[in-house]
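Chemist: Numbering (my numbering), first residue to last: 265 to 415.
Even for Gly, the Cβ is constructed at its ideal location relative to N, Cα and C.
On a predicted model such as this, the values are computed, not experimentally measured, just so you know.
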Amino acid sequence: MRIVSLVPSITETLFDFGLTAAEVVGRTKFCIHPAGEVQQVAIVGGTKNIHIDKIAALQPDLIIANKEENERSQIEELMKTHRVWVTDVSTIAENKIFLSDLGTLLNQPDKAKEFSNSINTALSGFALKKPKTAYLIWQNPMMTVGNDTFI
């Protein structure tokens, strides 16, 4: 399968699944990990300004994008001629579902389960009681973040 990834974290995840530069054929200029492997992968623009012609020239079987990371109009244009998977992961539970779906797509469900178990193990060490915090993003006027942001 020939995949173009338009999301840095997904590009890294594809390589974590064991894919090679022969399978991950396109990436954004922000997809920089794993450093050795991605150097061999064609750059198709940034996350917000992809080059549809460069993607088409790679003849991908699948393009992976993200609802927040990529421009909707560009993704809709790609959908006219390509198979596009638009991800929308906001929670740990959704991330586990994404990894499971990706594992199924790549015919690697055991690897996906391994990643999910690693997440569970990493999270098991955290205390359940959440401290009260405020994360200030601006001083004048003073502003903080809401619960629907990645910060």
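Express the C-alpha separation of residue 282 and residue 320 in angstroms, rounding to a whole number.
Modeler: Rounded to the nearest angstrom, the two C-alpha atoms are 24 angstroms apart.
Chemist: Could you give the residue range of the alpha helix (DSSP H) that holds residue 278?
Modeler: 272–280 is the span of the alpha helix (DSSP H), which, as asked, contains residue 278.
Chemist: Check the C-beta distance from residue 271 over to residue 290 and give it rounded, since I have them as a contact under 8 angstroms.
Modeler: Not confirmed; about 12 angstroms, so no contact.
Chemist: Would you mind giving the Cβ-Cβ distance between residue 340 and residue 316, rounded to the nearest angstrom? I have them listed as a contact below 8 angstroms.
Modeler: Wrong, their Cβ atoms sit about 11 angstroms apart, outside the cutoff.
Chemist: Does DSSP put residue 384 in a helix, a strand or coil?
Modeler: DSSP places residue 384 in helix when its eight states are reduced to three.
Chemist: If we count Cβ pairs, one from each stretch, closer than 8 angstroms, do we get three or more for the region 385–400 versus the region 363–377?
Modeler: Contact fails: fewer than three Cβ-Cβ distances are below 8 angstroms.
Chemist: Identify, in the order they occur along the chain, each residue of the same chain with its Cβ nearer than 6 angstroms to the Cβ of residue 373, setting aside the five sequence neighbours on each side.
Modeler: If we look at residue 373 and ignore the five residues flanking it on each side, its Cβ neighbours are 367.
Chemist: Look up residue 389 in the DSSP assignment and say whether it is helix, strand or coil.
Modeler: If DSSP states are grouped into helix, strand and coil, residue 389 belongs with coil.
Chemist: Quick one: is residue 400 buried, meaning 16 or more other Cβ sit within 10 Å of its Cβ, or exposed?
Modeler: That one is exposed.
Chemist: Using a 10 Å radius around the Cβ and a threshold of 16 neighbouring Cβ atoms, would you call residue 328 buried or exposed?
Modeler: When all chains shown are included, residue 328 counts as buried.
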